[in-house]
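> Structure below; questions to follow.
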Amino acid sequence: MKIDSSGLQVLSRQECMLLLASTPIGRIVFTDHALPAVQPVTFCLDGERIVIRTGIGSKLAAATREAIVAFEVDEFEPRSRTGWSVTAVGPSRAVRDPAELARLAALPLTAWAPGSRDHYIVLRAEHVSGRRITP
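Last residue of the sequence shown: 135 (my numbering), numbering continuous.
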């Protein structure tokens, strides 16, 4: 087990990917009009790719087109002061290929927000890091 300089356990890529797969909500970090923006999204993993379903005309769809973005998931237990956080960074792209769209539509990815969500964004998790807080 690796410990960083602040005393947190450093997670392996494999542990990070397992934790990413364990939760349906994450936060995507992107640039909107030259400013950082964070938006909670539902997602699922497709291998090591993060798949997000959104509206085609959404601000998120426009801002993530061929951009480098960050993605974060976490879970914390305030009573025991334990938890973990995982961050993935990589290029994002809009899915346009009909065959890929059909395959992604079959994933267990259901939007929580109302409205049409027929646009898919895929983030390739090139850089993945995570930390765990233990008592």
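Even for Gly, the Cβ is constructed at its ideal location relative to N, Cα and C.
Would you kindly report the start and end of the unbroken alpha helix (DSSP H) that includes GLU75?
Taken as a continuous stretch (DSSP letters only), GLU75 belongs to no alpha helix (DSSP H), being part of the beta strand (DSSP E) at 68 to 77.
> Along the chain, where does the beta strand (DSSP E) that runs through ALA21 open and close?
Note, ALA21: premise wrong, no beta strand (DSSP E); alpha helix (DSSP H) at 13 to 21.
> Mind checking which residues open and close the alpha helix (DSSP H) that includes LEU104?
98 to 105
> Closer than 7 angstroms: is that where the CB of SER92 sits relative to any heavy atom of the ligand MN?
Looking for the ligand MN in the displayed structure turns up nothing, as the structure carries no ligands at all.
> How is ALA113 classed by DSSP in three states: helix, strand or coil?
Note: ALA113 maps to coil in three-state DSSP.
> Could you have a look at LEU8 and say whether DSSP puts it in helix, strand or coil?
coil
> Measure the C-alpha to C-alpha separation of VAL29 and THR87 and round it to an integer number of angstroms.
10 angstroms
> By a C-beta neighbour count over all protein chains shown, 10 Å radius and 16 as the cutoff for buried, is LEU101 buried or exposed?
By the C-beta density criterion, LEU101 is exposed, having fewer than 16 other C-beta atoms within 10 angstroms.
> What does a CB cutoff of less than 6 angstroms around SER92 pick up in its chain, not counting 5 residues either side in sequence?
Only residues of its own chain outside the window of five on either side were considered, and among them THR64, ALA67, VAL69, ILE121, LEU123 have a CB closer than 6 angstroms to the CB of SER92, listed in chain order.
> Which residue's Cα is closest to the Cα of LYS59: VAL10, LEU35, LEU45, THR134?
LEU35
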